[in-house]
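Inspection log for the structure reproduced underneath, given as C-alpha cells.
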Amino acid sequence: MLFLRSLPRAAPRPSPSLALAAALALSGCAGGAAPTTYDLSAPRDFGRLGGSRAALVVAEPTTVQALDSDRVIVKDSAGALSFLGGAQWADRVPRLVQTRLVQTFENGSRLASVSRPGERIVPELQLITDIRSFNIDAASGAAVVEITAKLVGDRTGRVQRARVFLARSPAGSVDGGAAAQALDRALSQVLVEIVRWAGRG
Numbered sequence: 342m343l344f345l346r347s348l349p350r351a352a353p354r355p356s357p358s359l360a361l362a363a364a365l366a367l368s369g370c371a372g373g374a375a376p377t378t379y380d381l382s383a384p385r386d387f388g389r390l391g392g393s394r395a396a397l398v399v400a401e402p403t404t405v406q407a408l409d410s411d412r413v414i415v416k417d418s419a420g421a422l423s424f425l426g427g428a429q430w431a432d433r434v435p436r437l438v439q440t441r442l443v444q445t446f447e448n449g450s451r452l453a454s455v456s457r458p459g460e461r462i463v464p465e466l467q468l469i470t471d472i473r474s475f476n477i478d479a480a481s482g483a484a485v486v487e488i489t490a491k492l493v494g495d496r497t498g499r500v501q502r503a504r505v506f507l508a509r510s511p512a513g514s515v516d517g518g519a520a521a522q523a524l525d526r527a528l529s530q531v532l533v534e535i536v537r538w539a540g541r542g
C-alpha cells in the first residue's frame, strides 16, 4: 500500500441517484482539509508462473458511474452509496485497476507480452473486465471487490472464457487508511486469481 501526498480534490460528477446525490452533499466538498491519497499495489509474492505464452491486451475496466472516480466508496445495508471523507485514490478506480492488473501479469511472467490498447502490440487475446463492486460494505465492515473477466480472441472477437472473481477483506474500522488497506488486500487476491486463470493453457 502506497500513501501519497494530499492532493486537491476535484469536484465529483453529479449522479441521478438520490442516495448518491445526498452523499455528495454531505461529503464536505467545500472547505476542509485536502484528502489523503492512497494507491493500490500489484502483487509480487505469487512467483513466476508457467502456462500460456500468448500476447494479451488488457482493456480499461468498465463500471458504473459511482465507481468511475477516485473516491473511496461505502455501501450501507440499504444499498445507498457514500464517499468516505478524507480519502481518495491516486487515480480513477478503473484506470488504477488496469495498471495494477498489467503489472501483476508482468510480475508473474505469465504471458509472452501484456499491454494496454494502443501500445503497438499485436495481441492474440484481449482481457475485458467489469468492476461490479469496489467498496466498503458498512454492514459487515469488509472491503468487497468483485470483477467479471472475459478472454476474447482479438482476431475472432469470440469470448473464449468468462468468470466472476470476488474477494472480501475485513476493514476493521471505516476510516481512510483501514478502508484503503482492506480494499488493496481484496483487490490483490482478485488480481492474482485473474492472472492465474487468464494465463492457463
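Note that our numbering has the sequence shown beginning at 342, numbered continuously upward.
Glycine residues also receive a C-beta, built at the ideal position from the N, C-alpha and C atoms.
Segment limits, beta strand (DSSP E) that includes Ile-462: Premise fails: Ile-462 is in no beta strand (DSSP E) and is neither H nor E.
In the structure shown, what three-state DSSP assignment does Leu-383 receive? Checking the sequence, you will find Ala at residue 383 rather than Leu. Ala-383: coil per DSSP, three-state reduction.
Return helix, strand or coil for Ala-362, following the three-state DSSP convention. In this predicted model, Ala-362 has a pLDDT of only 34, less than 50, meaning its place in the structure is not dependable enough to derive any value.
Buried/exposed call for Val-533, threshold 16 Cβ in 10 Å: Classification of Val-533: buried, given that the 10 Å Cβ count is 16 or more.
Name the DSSP bridge partner or partners of Asn-476? Val-485
Buried or exposed: which applies to Gly-498, given that a residue is buried once 16 or more other Cβ atoms fall within 10 Å of its Cβ? exposed
With the cut-off set at 7 Å, would you say Ala-383 and Gln-439 are in Cβ contact? no
According to DSSP, residues forming a beta bridge with Val-399: Leu-468
What is the rounded straight-line gap between the Cα of Ala-503 and the Cα of Gly-540? 13 Å
Spatial neighbours of Leu-524 within its chain, please: CB distance less than 6 Å, with the 5 preceding and 5 following residues excluded, ordered by chain position. Ala-484
State the Cα-Cα distance for the pair Val-413 and Pro-402, rounded to the nearest angstrom. A straight-line Cα-Cα distance of about 17 Å links Val-413 and Pro-402.
Based on the DSSP secondary-structure assignment, which residues constitute the bridge partners of Gln-429? Beta-bridge analysis with DSSP links Gln-429 to Thr-378, Arg-412.
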